[in-house]
Amino acid sequence: MTNAWLQLHWTDTYLSWNPENFPGVQNLRFPSNQIWVPDILLYNSADERFDATFHTNVLVNSSGSCQYIPPGG
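The number in my numbering is simply the position in the sequence shown, starting from 1, with 19 added.
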């Protein structure tokens with residue numbers, strides 16, 4: 020059996036903010052169905068209980084840098 024985790028990073032300038040205007044807010048989490056994420060889906064899983072429609076959060080920092088770990092690991 021092989022396990023693999025995919026971790027995706029990109030920058031979305033529309034999601035950036037000035038941290039001086041929002042003290043203490045370093046990161047925001049968005050549901051993956053609320054913002055753009057790459058269209059990647061696990062095609063075949065050894066685990067029959069796997070739910071490909073499970074949504075995970077995208078971590079966004081003030082520069083608009085996004086980190087997404089899609090389900091399927």
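Backbone N, C-alpha and C fix where the C-beta goes; we use that ideal spot for every residue, glycine too.
- In this model, Phe49 and Leu78 are separated by some 7 Å (Cα to Cα).
- DSSP places Asn52 in the coil class of the three-state scheme, outside both helix and strand.
- Rounded to whole angstroms, the gap between the alpha carbons of Asp31 and Asn37 is 14 Å.
- By the C-beta density criterion, Tyr33 is exposed, having fewer than 16 other C-beta atoms within 10 angstroms.
- Residue environment: Pro89 is assigned as buried (16 or more neighbouring CB atoms within 10 Å of its CB, all protein chains considered).
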